[in-house]
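Here's the structure, in structure tokens; my notes come after.
Residue numbers (the working numbering): 1260 to 1873.
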């Protein structure tokens, strides 16, 4: 409980000369009492109660209690100037929980005394209390006093103070403390700067870490090992590998013997080089580390394996993985994710199954992201049927799919026409609690739309909304396409309005689907209205939309718009296939636009079409 003002004041404390050498308890009219002991005013007990007392009474332990009524002028104590507040008095306030909140108030009054000079113990206790109560204004005033009295708290309290300021985002206060400390050359100063760098790194404010580092350099302070660690880490996060390497070489020249900090420094260096694509250079420092008998930690092995996997160095990545497994240094699933991605890129997708098996052997759970990467990798490099085989293998090995993998395999089954399988997996997914996956719902609704199961699609959409899962643009595109194929323009318009009402921005497929629906119903004006809206939203025409609009403009004898469409396609670099080329050319020929025909043949000749197709 923070009490910064009370009925009790300095005016209620007698002057030092009037204090007896024995313990004395003084109480105000509200029974606010303070008990002093012996010579130096050490506070032993403070008691605040709401029941007033106006009688002189004797305490059970023999300590006299002097009642000072507030309404009695004759009983007013000595003035404040007669009271000699000491460091010990203030420290006594700090040590008692009931009075600690009053300590800074009395410190401010004490510093007005000409002979008062705070000591380090007073500063330490005041900082502890002010940080506890988050009294940042009082802390700011106290920090200024560090320079006034040329005295600082001890090293641990200074580092705690600057760390607390940075954590609470009191950056100006932290800067004030560092600015004052920059004039000192001891270990307290450099430790405080180091703590500030660490704090800024935790907040991902790496530019501020660099700024603090520059202050250290300008002040001529010698960096400790912690400073090297945090500034190297900041440069690593900023992608500045050259500065990381330069600081590492500088650190090496110091010849410090701390193995723990050396491991951390090497870890930062190797990771920075790996991120920069300099995997073999990182490996060189790794070998140097081993020669110095500095034992690598799991993060170093993870960094190296990921580096070689990122550069597609399969043999090096596999060798390091084997060594790491032998030493029990593989604990990060991101390593296996990198290896899976590497095998997919180099078309060794069969080895991704081995990665899954290796994780199971090591007792590591296979994350959903890795399982999904394996399934999608097979689909990309070996086809949809191979993807189903990979999924079955992973399930056989004991993997548990998550919603991303479920959504992927549902899509695969749908594209293969295995609708019953897709429904079984979808139901299994729902039973396991993954009932808010938009992608899975979208895949199922799209599948129902393609096979004409409109009622099932609408029923699933209602269930999706019931679960609190908002439909996305892909769901709406499937619904528009589904209703458009059946020429149910009323439902198409309804879906479009709902899409706008829910502020789901339509994409190119949305416009292509709705224009296609109205084109099939021969509502050319509606087609042109949606096309103009698409162009107003800065949409770029692709071949699918162009094929529809060439027919729309031709049927409506709107050849100016047709020519403008072709010019837009030319400027946007959209190529034509042979069918679209013939359709546009025939439309221009039928309109008798000979000049435009020549321009069209020159711009979209068959030779150019062949090149585009290739």
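Glycine included, each C-beta is placed from N, C-alpha and C at the ideal position.
As the structure is a prediction and not an experimental result, all values here were calculated from the model.
Got a sec? Which residues, its chain only, sit under 7 Å from residue i by beta carbon, not counting five neighbours each side?
i, result
"residue 1862", "1829"
"residue 1352", "1302, 1358, 1359, 1361, 1362 and 1365"
"residue 1850", "1818"
"residue 1492", "1460 and 1527"
"residue 1728", "1695, 1697 and 1700"
"residue 1614", "1595, 1598 and 1599"
"residue 1825", "1843 and 1859"
"residue 1827", "1800"
"residue 1478", "1441"
"residue 1618", "1595 and 1625"
"residue 1750", "1742"
For residue i, count neighbouring C-beta atoms within 10 Å of its own C-beta (all shown protein chains included) and say buried if the count is 16 or more, exposed if not.
i, result
"residue 1436", "buried"
"residue 1377", "buried"
"residue 1530", "buried"
"residue 1428", "exposed"
"residue 1253", "In this structure the chain extends from 1260 to 1873, so residue 1253 is not present and cannot be described."
"residue 1420", "buried"
"residue 1463", "exposed"
"residue 1598", "buried"
"residue 1854", "exposed"
"residue 1523", "buried"
"residue 1508", "exposed"
"residue 1488", "buried"
"residue 1785", "buried"
"residue 1601", "buried"
"residue 1446", "exposed"
"residue 1396", "exposed"
"residue 1655", "exposed"
"residue 1816", "exposed"
"residue 1538", "buried"
"residue 1271", "Bear in mind that the predicted position of residue 1271 carries a pLDDT of just 39, short of 50, making it unreliable; the figure below should be weighed with that in mind. Buried is the call here."
"residue 1721", "exposed"
To which residues of the same chain is residue i closer than 6 Å at the C-beta, ignoring the five residues directly before and after it?
i, result
"residue 1707", "1715 and 1716"
"residue 1663", "1627 and 1631"
"residue 1520", "1484"
"residue 1799", "1831"
"residue 1454", "1418, 1421 and 1422"
"residue 1588", "1557 and 1560"
"residue 1793", "1770"
"residue 1496", "1465"
"residue 1472", "1490"
"residue 1552", "none"
"residue 1787", "none"
"residue 1609", "none"
Could you say which of the options lies nearest to residue i if we only look at CA atoms?
i, options, result
"residue 1657", "1616, 1696 and 1508", "1616"
"residue 1560", "1412, 1550 and 1585", "1585"
"residue 1732", "1385, 1764 and 1855", "1764"
"residue 1725", "1713, 1748, 1700 and 1749", "1700"
"residue 1344", "1367, 1355 and 1354", "1367"
"residue 1834", "1813, 1857, 1806 and 1848", "1806"
"residue 1434", "1445, 1444, 1446 and 1417", "1417"
"residue 1648", "1457, 1787, 1445 and 1668", "1668"
"residue 1779", "1507, 1392 and 1743", "1743"
"residue 1576", "1553, 1542, 1590 and 1550", "1542"
"residue 1675", "1802, 1709 and 1506", "1709"
"residue 1414", "1379, 1821 and 1430", "1379"
Near residue i, which residues of its chain fall below 8 Å by C-beta distance, leaving aside the five closest residues on each side in sequence?
i, result
"residue 1605", "1571 and 1573"
"residue 1370", "1377 and 1404"
"residue 1844", "1856, 1859 and 1860"
"residue 1772", "1736, 1739, 1740 and 1743"
"residue 1449", "1475, 1480, 1481, 1482, 1483 and 1486"
"residue 1535", "1498 and 1500"
"residue 1386", "1398, 1401, 1412, 1416, 1419 and 1420"
"residue 1506", "1487, 1490, 1491 and 1494"
Would the C-beta of residue i count as close to the ligand MN, meaning under 6 Å from any of its heavy atoms?
i, result
"residue 1676", "Absence of the ligand MN from the depicted structure is noted, as is the absence of any ligand whatsoever, leaving it without description."
Minimum length 3: unbroken beta strand (DSSP E) runs contained in the segment 1459–1491 | none
Whole runs of the beta strand (DSSP E) within the segment 1545–1581, excluding any shorter than 3 residues | none
ask   = Which runs of the alpha helix (DSSP H), 4 residues or longer, sit entirely within the segment 1779–1817?
value = 1783–1795 and 1802–1814
Taking only runs that begin and end inside the segment 1383–1447, name each unbroken alpha helix (DSSP H) of 4 or more residues, in chain order. 1395–1408, 1414–1426 and 1430–1440
Residue ranges of each alpha helix (DSSP H) within the segment 1625–1656, 4 or longer
1627–1640 and 1643–1655
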